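Structure first, commentary second.
Residue numbers (my numbering), protein chains in the order written: chain A, 5 to 99; chain B, 2 to 190; chain C, 149 to 564; chain D, 102 to 1083.
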């Protein structure tokens, strides 16, 4: 596979390390009264969709950036690649 | 004065060899200092670089050259660059810190890396066997840098002249990296 | 009809025209006692044991494609019970015992071949871990033998002992491990279930579940509604998308595991061999092909195909321990979709929805589990309580913190 | 021996003669020959035996689709099984032997299986061999395994080397036939970066096998000129002997280049190169494969594909027979007749399944329009054929053409489904092609020459336009469109004898009917039950026929019956090529520490830990057992001072305004309060509450920390912290960079550690206990001004420091330290002694940090702060992880001191039976303690902390050992830690 890095252009996915669903960026509040349940759902449950999937890739053999890649799990077509840090900052703004 | 003297030992002992159309040599006495740009400190760093070196922050994947040509800045990511310049000894950090002051966070990297220059008309043919990056002179001209993997090793590569590339790889695996390059050269000749 | 050597000879003499269909191709009835979704190994085995062990024969097995089209038909055919943890080992040993009597039980030669499985170790900590695992196996009544380097050399002189990057320090051998002709397992269970009245309905896709006041009463399919008192889902690989139709999110990701076979060769390997310092395991099929595999590709996918990095990584592992196979050619590679669970261990459990039962999360260990998985799922469907060897495979174990993590890599499916 | 079947013409170099042998018989051929063409030229028609019935077989084809002519090429460790004679390029001295027979090729004892074939129909083995149970492994299976299989391997390591490489292009052209050359020329002339690859050693594809003309010259000549033009272009890479074997995601293709297979020896250069091609666009011009027709005994040597017979005549100047008959359902078959006839070969008959007028005048040939071949005669080579109308016709070669199937395999590698085209009764590429791929020429069902040339050119223009380039390809090469009408005809139903579909796996028409009868009707069931298409040729010539037959049985159309999915590789790829250089010592790189050279000089024994090589112990003269060395190293260190290279520990430089707060969140214990100049032990959890890693972190400045990780987890911990930094807490100002390779670090441990260090640390840095107490750290200089870092930390339990200098000085430093230590009888110690001392001290390490253990299990539960947010603290509170009888890490010693403990033993209460229900835990690490004089161990046991002094059994069933052990504190030595602080 080829991941089109927002800064570095197309790079072989072999340079990257895969983590999983981008929802792993949305870590619950440890002080919430339902923290235990929230952390369980956060860490263990997955939508695991057949189709578009937002997922985290780490450019270990590159610029060490974490990316949010939108990829179709049926066709492997990649439609979007973002810097995870930008996504994370935007997420915090929304909160 | 101490009764024990410390002598610097290059990772590959100053390796140098020439083959038909390819030359391979260890680049010693090169200093590498990583410069991290503090969160929100891009402008300050840009100014510091401009004042001290008359150049700009290189974008990730690109390099910029100090106006005196002596220091090359490699854009390693959007918030980190490597300063590469000739310097013997282990005090390179002070040089950068002295010039850029508190505009960034600095880490000595010289000894993390072994530096090799591969040059000659057949250097691309040799690298083609291990390097996934497109080294075509149009696709990868001087002014670009890439970090990738070759033969299971992390490598930073950038062209420093026509048909000439600098390769940086982990110093602890310098021997295996050299072996990979020598094998590539053997295989194409 | 019963199969036997005499039957083969008789039919041969009479032109092989008397063979009967191995299974019927029935239309779905309006309702059943039990519907099992998924005519893969586990689903078919569950139906077979429901009928045979628990007397429940009014059963339908519903399959989107052709029976056996899932991972039962695309795995590397290895059977073993060499697990470490108490949550796993008794279950897999139960499965091994079922394998050992399977062919006579369902009158089909699935070529259960116990030629042994040897896991190589390359460091002292690895040897310590094997020692711990071997003792777990023995405590559970399984067989395990620890070999030193010489013992391994005696068994497999062709391994790379003298020029290896990661020297072979020894290994753990399970003599009863081995291989089975994977398709034949599906066919044997299908034929056995069908002969007891189970309807196997192929090319019938489940499009939804029939929910009435929060209870599952059957399934919607492209061939109409089929009602049932109980619905059991055994669709590993597709668990995510099927259970989503019941509104469930699972502790599972779908990943692709590639498998490979070489051109046929005269006998080369004694049994199954796995490399301890790289991703490679191999056996030799009765047709002569070296059947091997390695790591999963590592990214979520429902596409039954992988990519080059893993292909090359696996073959590197092969050449690292067996440099003699360099001139042997890779003939075919394929991919299967794995239910990768959050601790690398499976689920056989009721769901929070009455009438809906779930079997999945087998990662890439599902084939060896087929008989026990079918048996335990049948047990759960028939008695509404888990089989004694499968009490730990609960869906709520992560909430409780009762993970069964053989590899110790935590909640990251692609590392299991 | 004369080349009795060599006729005029052809593209072989007759001026040179090559000698080769087959089964020991000496033959001659010419450069340009394949092994098959040379064998046919010499009249060697029979080349092998089939897989199941051991039937005599000759070459069916002239290409990579060959099912029959498989040989073992070369000798000794170079022996290469299952090589297709039809693509093996002839070289001087080639040695080949036939395979899969007992006795000679001509007299194969296993041929008896053919007599019993009626009992060996599809799937027979699923129905028998079940009794007696024990006979499967002992009797039946060994027999099956030995009669099955094909070639043999040498059992010696492959002596050849292989390489890999990476290529980039705008347009990848797969196939060098008319369409491919046309596409490559158009793109190349337009300035695009082009790669054109063909599996053949001669570029041109069918142009070399036909007598057609392009641009007014012979097709083969035109192809040769095109190849020359392409080779001359800087922007084009022309790759012969290169098979594009797989289409992977996003325009990545796998290609295998056979570099030296056509040479006597590879002379130490790579035999083959596995290329990974990154293409922006690709055009598939892989041509088509002819399919046979099924009729009685259609597998005999001499029965060949008509296109192949024509190729042998036109390209290789070989006629496989003296009296050639043709059996066809299309116009193409007639070209074989006229081409051979023109070269003076006697055509005994042309049998066309279609009615109507003969398509050509063939002198002396019996013409049977609407005719069908029912059977053939001749065991080791046919001599006659029998028609349905009863006529018998002499023929020593029967050229069969059932029409052509486009080579669409790569279009299906991403599960694209082909589409049916009734007019040519075959499958063509469907809609969902791999991204960026288009198809042209015969591969697209465009079977005629002019149309193929045009389609290749157009495909190139389209691709370039997509990429925003301007096509400047010039004119399309001119040619005629030859006649190519076909009427579907699959098998001769009148045939009583077995009619073969898959010739290698011996799958016949009867087997398909049996599969249907037994309800194995889906294509995949059919394949798996009959083994159709599972042989080394992947059914390239068989699958289509079988599909048509199954359609007949079910009464469905062929497209309704379905297609099989194509899987990579297109043709088989050697394992050696797929592994490339990564084998033997080069399987993975080596990482060496800065003291490696020095350690070698000391005769150190090295151990592999991950990628690293570390000194395991340093044997001294007279020491015969490793224990002697290790005990000495431990005793000397605890007695005076020892030095150990600990460079391999991960080092991460952490800087930023929020660095301290960041560490507070990744470690379970607090770091915000750590003073500058101090070091603290830290424990890291995964989010699931399990211990991930531990180590010490030093604060060098307000915003500057240096973290150490375990050797094994350096990479994962760095990745984890980057995740935390970028994805969880993006507004923190923290920056990470690894400095593992940058610093040579040595542990100096023992009562005399300070005295030793004081000799190398420059005097302006005081390291007295007062100025530099336990857990202090600082940046200093050594040996006259060399930058260094000093940490007063201890893994051994002794007064100890870790001293680090830039890696380039590591060699100097170890020599300086050893020299300075002479007066204290300093020793160098390795990882074994390190391990002994850490177990004596009760420190957890890799064997304890298994990823399955919590902080509580490790006895560090109290470290987990509940007052702050940190990774893992919420989920570490789950009930099942906090039970009263949780496992706890404690120490163990044997009740009988003379007994040795075993790591991996399980704990069982005294008097209880050794079964899993009574399993209370396991021993994780053991060692002999030189200081205590007996074996000690660390292990996890239920409620261990409350059971001090209790006796349990350590059961090691795999070693038949069962000994009693006492539960003790894990801190065997200096539990109060006084030695650390002196």
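Cβ coordinates follow ideal geometry from the N, Cα and C atoms, glycine included. On a predicted model such as this, the values are computed, not experimentally measured, just so you know.
Within chain D, the residues that residue 306 of chain C reaches when beta carbons sit closer than 8 Å: Contact annotation for residue 306 of chain C against chain D: 256 [CB-CB distance below 8 Å, chain order].
Name the chain B residues whose beta carbon is nearer than 8 Å to that of residue 24 of chain A? Going along chain B, no residue has its Cβ under 8 Å from residue 24 of chain A, so there is no contact; the nearest lies around 22 Å.
Rounded to whole angstroms, how far is the Cβ of residue 95 of chain B from the Cβ of residue 909 of chain D, which I believe are closer than 8 Å? Under the criterion of beta carbons closer than 8 Å, residue 95 of chain B and residue 909 of chain D do not qualify as touching, at roughly 17 Å.
If you draw a straight line from the alpha carbon of residue 229 of chain C to that of residue 325 of chain C, how long is it in whole angstroms? So the two alpha carbons sit approximately 7 Å from each other.
Please tell me whether residue 789 of chain D and residue 973 of chain D are closer than 8 Å, where the distance is taken between their beta carbons. Cβ distance < 8 Å, so residue 789 of chain D and residue 973 of chain D count as in contact.
Would you mind listing the beta strand (DSSP E) stretches within the region 318-362 of chain D that are 3+ residues and don't spill past its ends, in chain order? If we require 3 residues or more, the beta strand (DSSP E) runs fully inside the region 318-362 of chain D come out as 337-340, 343-349, 353-359.
State buried or exposed for residue 452 of chain C, treating a residue as buried only when at least 16 other CB atoms are found within 10 Å of its CB. Label assigned to residue 452 of chain C: buried.
What does the Cβ neighbour count give for residue 232 of chain D, buried or exposed, with the cut at 16 atoms within 10 Å? Burial call: exposed.
So, does the CB of residue 908 of chain D fall closer than 8 Å to a CB anywhere in chain B? Closer than 8 Å to the CB of residue 908 of chain D there is at least one CB belonging to chain B.
To the nearest angstrom, how far is the alpha carbon of residue 1081 of chain D from that of residue 548 of chain C? Taking the straight line joining both Cα atoms gives about 41 Å.
Length of the line joining the Cα atoms of residue 664 of chain D and residue 697 of chain D: If you take the alpha carbons of residue 664 of chain D and residue 697 of chain D, they lie about 60 Å apart.
For residue 532 of chain C, report the span of its beta strand (DSSP E) as first-last. That residue, residue 532 of chain C, is in no beta strand (DSSP E); it is neither H nor E in DSSP.
According to DSSP, is residue 111 of chain B part of a helix, a strand, or is it coil? Look at residue 111 of chain B here: in three-state DSSP terms it is helix.
I'd like to check one pair, residue 988 of chain D with residue 565 of chain C: are the Cβ atoms closer than 8 Å? The shown model of chain C, from 149 to 564, leaves out residue 565 of chain C, and the question about it has no answer.
C-beta contact flag for residue 163 of chain D and residue 187 of chain D at 8 Å: Their beta carbons are under 8 Å apart, which means residue 163 of chain D touches residue 187 of chain D by this criterion.
I need the boundaries of the alpha helix (DSSP H) containing residue 655 of chain D, first residue and last residue. In the DSSP assignment, residue 655 of chain D falls within the alpha helix (DSSP H) that extends over 644-655.
Please confirm whether residue 983 of chain D and residue 925 of chain D have their CB atoms less than 8 Å apart. The answer is no: Cβ separation not under 8 Å.
For residue 11 of chain B, collect the residues of the same chain with a Cβ closer than 7 Å to its Cβ; drop the 5 residues on either side in sequence, then sort them by chain order. Excluding positions up to five away in sequence, the list reads 27, 29.
With a cut-off of 8 Å, does the C-beta of residue 60 of chain B fall near any C-beta of chain A? Residue 60 of chain B belongs to the set of residues whose beta carbon lies under 8 Å from a beta carbon in chain A.
Residue range of the beta strand (DSSP E) that includes residue 808 of chain D: It spans 805-810 - the beta strand (DSSP E) in which residue 808 of chain D sits, taken as one unbroken run.
Taking 8 Å as the limit between beta carbons, can you name the residues of its chain near residue 934 of chain D, skipping five residues before and five after? Here the set comprises 718, 731, 734, 735, 738, 743, 745.
Starting from residue 12 of chain A, find everything on chain B with Cβ-Cβ shorter than 8 Å and list it in chain order. Chain-order list of chain B residues neighbouring residue 12 of chain A: 61, 62, 147, by C-beta distance under 8 Å.
How far does the beta strand (DSSP E) with residue 267 of chain D in it extend, from its first residue to its last? For residue 267 of chain D, the enclosing beta strand (DSSP E) has its first and last residue at 263-275.
Alpha-carbon to alpha-carbon, residue 979 of chain D and residue 1041 of chain D: For the pair residue 1041 of chain D and residue 979 of chain D, the Cα-to-Cα distance works out to about 20 Å.
Nearest CA to the CA of residue 517 of chain C: which residue from C/241, C/249, C/427? Nearest C-alpha to residue 517 of chain C among C/241, C/249, C/427: C/241.
From residue 45 of chain B to residue 57 of chain B, what does the alpha carbon distance come to, in whole angstroms? Rounded to whole angstroms, residue 45 of chain B to residue 57 of chain B spans 11 Å at the Cα level.
If you scan the region 235-311 of chain C from start to end, which runs of the beta strand (DSSP E) of 3 or more residues do you find wholly inside it? As summarised for the region 235-311 of chain C, the continuous beta strand (DSSP E) elements at least 3 residues long and confined to that stretch are 265-269, 293-296, given in chain order.
Short CB-CB distance (under 8 Å) between residue 57 of chain A and chain D: At least 8 Å separates the CB of residue 57 of chain A from every CB of chain D.
Along chain A, which residues have their Cβ under 7 Å away from the Cβ of residue 108 of chain B? For residue 108 of chain B, no chain A residue has a C-beta closer than 7 Å to its own C-beta; the minimum C-beta separation is roughly 14 Å.
Taking all protein chains shown into account, do 16 or more other C-beta atoms lie within 10 angstroms of the C-beta of residue 35 of chain A, making it buried, or fewer, making it exposed? With fewer than 16 Cβ atoms within 10 Å of its Cβ, residue 35 of chain A is classed as exposed.
Let me know the secondary structure DSSP gives residue 444 of chain D once reduced to three states. Looking at residue 444 of chain D - three-state DSSP - the assignment turns out to be coil, as it is neither helix nor strand.
Residue 98 of chain B and residue 32 of chain B: beta carbons closer than 8 Å? A distance of 8 Å or more separates the beta carbons of residue 98 of chain B and residue 32 of chain B.
Extent of the continuous beta strand (DSSP E) to which residue 20 of chain B belongs: 17-20 is the span of the beta strand (DSSP E), which, as asked, contains residue 20 of chain B.
Own chain residues within Cβ distance below 8 Å of residue 80 of chain A, not counting five before or after: Closer than 8 Å at the Cβ level, and outside the excluded window around residue 80 of chain A, lie 5.
Between the alpha carbons of residue 375 of chain D and residue 402 of chain D, how many angstroms are there, rounded? Rounded to whole angstroms, residue 375 of chain D to residue 402 of chain D spans 35 Å at the Cα level.
For residue 46 of chain B and chain A, any beta-carbon pair shorter than 8 Å? Among the residues facing chain A, residue 46 of chain B is not included, as its CB has no counterpart in that chain under 8 Å away.
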